[in-house]
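**Student:** Numbering (the numbering used here), first residue to last: 975 to 1750.
Every residue, glycine too, gets a C-beta built ideally from N, C-alpha and C.
It should be emphasised that the depicted structure is a prediction, and the values quoted were computed from it without experimental measurement.
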């Protein structure tokens, strides 16, 4: 897990492994989350009553007994909302409280406000609710047959894929069902609303998108945006689950606070959180890939069906992102890609780290393993043969790749992890196990990731920042990015400290606040450092322009200013930063500025499926080795080697943690995290007792992570690259390795046995049995 030994020592804060700004607070328990804030006087607590049927009409909602329950001070229904009832993220379809029709088990029907959390939850049971039930669509297949969608289906085409498939010497056809994933952030969904004078509100929200929370609270209350101030100092994890789905909690808490005149907190218990909030989308991927005998990919047809739940939420962009990454890093001369957004009567699924990219990417990696098996090739050779490259550089959506990082990156990883020698050793081990009747098998797979960086909704690719220098030389920084443990505050503070040549401790990244930086975009799409870092740098440049003018006119310094090691220098002249700022203040020089950044050169036509949706690509590759016990399906991830392209890393210590954490979260998605639903549409995986996230035991015994040392070819902040989402998809290598291990029991099988995703021990056992019993 060490940083690359060849990494040069940084000459500035940029590229140096600085500690997380809240690291000490996290480990000592002094970092405050919303539930840790001092309790205001007369604080009220909110809880919601939920639908117990998946689809139907509410014929009776009697809440009189709820109103008279001990401690209850208010009960709120849809009819009590003064403004807009709908809180949909992009498209309408998400009522704050159900208004007659219910569309999933757990949908909020009413809210109870009480003097304690216990009183609020106990009062919920007194409600008398009756329904006229309607048929419910609960699966992708049911929704597909019924042609039930939340948004129209999109089809993107390049060339004549059907004609090319009809003449391809080898055509692989298959279907892969990929289950969703629960976010399981450590801090659950929570909001605290504090009413102020003149009908104003301060809302503390655990959200990735304070700007949207502000907009929706104002919309629900029918008040102007400037009367709502949303604050987020930090989140205890989010992973996409707090991009759109934190807003309803803030809206209900705000509505209750206005009605009662008291502060109101709405904190979801873990069980409610797992039932009432969306997950990573299930995807059913149907595909056909055509190859020639040498292993060149000739054509493909890919049908991606996402289980969206009852409303659109962010499913338009999520399915689009799956379509963007359906070919990962490979060139395809002709393709048809279909993206379906299917409506079911289940909770509305939402953003999750990777935003559809992982579900789109895994199918082609499975198909490459299938093709390599059929062609008698090493899967890595087939992958390398088909990488995007000069002369074959166009993606299926029209963006031309110009920076070919992966060929060199994969060659580096292949040599460094001794891939060929280990493959030969594993083949011998498995052959001996077959001869001896041993139950243990091993597998090794090396897979790449190419992930586009930018919001695919163009208008979100903007950011603002506010930088203020005080007369003692200390600096305050505010931007629209939110801190969820990923180290964004630390990175952007490094940008500002480096710009003024001061120690990092001299810069304080203040809480994200809508009154400081308005109209902010969500912290998502791996773009937090790119956008907010550039906006902060722009603010620094504006301050420095004024300081340069001051130095010339007031101090007579004519050479350019240099900020370094706490000194401001111009030729032979020098002052400490503190002294320089004090004199600038006395000369009435502006010491604060707002900065702004908009990502350049991006555009995309959704209907045609053509354009440049991404400013650049982040890359990586992982080699994963596993061991499987065929008797039980139990397995261990023995070793993982990762080489990741972070450009010129702003903070290699933080980026290393993101790579490790992203991989392990991806490993959970594809191995142990199994979301299950009952036949009635009820979430069965609704607590830590029946939903297994990875533990320390699941982390690979040998875990080697290195950085691929190459600055970003695009003009990002200090030529860095995003690391939030791309590493998650590196875990596809472990899933492929499990499949190879199972296949080794029968090398003569005509095709690889299918493996479910997630590959739970039960699924691995079934895969091994299929491999053993068929094709002899």
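#1: Tell me the DSSP bridge mates of residue 1424?
#2: Grab me the residues of residue 1131's own chain with a C-beta within less than 6 Å of its C-beta, minus the 5 sequence neighbours each way, in chain order.
#3: Opposite residue 1322 in the DSSP bridges: which residues?
#4: Mapping DSSP to helix, strand and coil, what is residue 1698?
#5: Would you call the CB atoms of residue 1195 and residue 1188 closer than 8 Å?
#6: Rounded to whole angstroms, what's the CA-CA distance from residue 1759 to residue 1373? Just pull it up for me.
#7: If you count every other CB in all the chains shown that lies within 10 Å of the CB of residue 1545, and 16 or more means buried, which is it?
#8: Have a look at residue 1067 and residue 1287 and give me their C-alpha separation to the nearest angstrom.
#9: Starting from residue 1347, trace the alpha helix (DSSP H) in both directions and tell me its first and last residue.
#10: Roughly how far, in whole angstroms, is the beta-carbon of residue 1156 from the beta-carbon of residue 1182, given that I think they are within contact range, below 8 Å?
#11: CB-CB under 7 Å to residue 1732, same chain, minus the five flanking residues each way: which ones, in chain order?
#12: What does a CB cutoff of less than 7 Å around residue 1351 pick up in its chain, not counting 5 residues either side in sequence?
#13: Which same chain residues, not among the five before or five after residue 1258, have their C-beta less than 6 Å away from its C-beta?
#14: Only counting the same chain, and skipping five residues up and downstream in sequence, which positions put a Cβ closer than 6 Å to that of residue 1555?
#15: Could you give the DSSP three-state label for residue 1391: helix, strand or coil?
#16: Measure the CB-CB distance between residue 1211 and residue 1159 and report whether it falls below 8 Å.
#17: On a CA-only basis, which of 1676, 1029 and 1338 is nearest residue 1262? Give me that one, please.
#18: The alpha helix (DSSP H) spanning residue 1531 covers which residue range?
#19: Here's the rule I'm using: 16 or more other beta-carbon atoms within 10 Å means buried, otherwise exposed. How should residue 969 be labelled?
#20: Looking at the secondary structure, which residues open and close the alpha helix (DSSP H) in which residue 1194 lies?
#21: On the three-state DSSP scale, how would you describe residue 1544?
#22: Once DSSP output is grouped into helix, strand and coil, what is the label at residue 1035?
#23: Residue 1575 by DSSP, collapsed to three states: which one?
#24: For residue 1314, name the three-state secondary structure that DSSP assigns.
#25: Give the DSSP-derived three-state secondary structure of residue 1618 in the structure shown.
#26: Could you give the residue range of the alpha helix (DSSP H) that holds residue 1633?
#27: For residue 1107, write down the residues that DSSP places opposite it in a beta bridge.
#28: Out of 1528, 1589, 1588 and 1586, point me to the one whose CA is closest to residue 1559's CA.
#29: Using a Cβ-Cβ cut-off of 6 Å (strictly less than) and excluding sequence neighbours within five positions of residue 1296, which residues of its own chain qualify?
#30: Of all the options 1637, 1609, 1006 and 1608, which has the alpha carbon lying nearest to the alpha carbon of residue 1616?
#31: At which residue ranges does the stretch 1143-1178 contain complete alpha helix (DSSP H) runs of 4 or more residues, listed in the order of the chain?
#32: Counting only runs of 3+ residues fully inside the stretch 1195-1238, write out the beta strand (DSSP E) ranges in chain order.
#33: Take every Cβ of the stretch 1574-1582, pair it with every Cβ of the stretch 1594-1602, and state whether three or more of those distances are shorter than 8 Å.
#34: Using the beta-carbon count (16 or more within 10 Å), is residue 987 buried or exposed?
#35: Measuring alpha carbon to alpha carbon, tell me which of 1014, 1635, 1228 and 1484 ends up nearest residue 1670.
#36: On the DSSP letters alone, give me the boundaries of the alpha helix (DSSP H) that residue 1559 sits inside.
**Tutor:** In brief:
#1: 1593
#2: If the five residues before and after residue 1131 are omitted, its C-beta is found closer than 6 Å to the C-beta atoms of 1310, all from its own chain and listed in chain order.
#3: Its beta-bridge partners do not exist; DSSP assigns none.
#4: coil
#5: Against a cut-off of 8 Å, the Cβ pair of residue 1188 and residue 1195 comes out as no contact.
#6: Within the shown structure, residues of the chain are numbered from 975 to 1750, placing residue 1759 beyond reach of any answer.
#7: exposed
#8: 8 Å
#9: 1331-1349
#10: With a Cβ gap of about 17 Å, residue 1156 and residue 1182 do not count as contacting.
#11: 1153, 1643, 1644, 1645, 1646, 1647 and 1648
#12: 1269
#13: 1114, 1151 and 1279
#14: For residue 1555, where only same-chain residues beyond five positions count, the Cβ hits under 6 Å are 1443 and 1447.
#15: coil
#16: yes
#17: Of 1676, 1029 and 1338, the residue nearest in Cα terms is 1338.
#18: Run containing residue 1531: none; DSSP gives neither H nor E here.
#19: Lying before the first or after the last residue shown, residue 969 is absent from the chain, which here runs from 975 to 1750.
#20: 1184-1195
#21: strand
#22: strand
#23: coil
#24: strand
#25: strand
#26: 1626-1644
#27: DSSP, once it has assigned bridges, lists 1030 as partnering residue 1107.
#28: 1528
#29: 1278, 1330, 1333 and 1334
#30: 1637
#31: none
#32: 1202-1206
#33: no
#34: buried
#35: 1635
#36: 1551-1560
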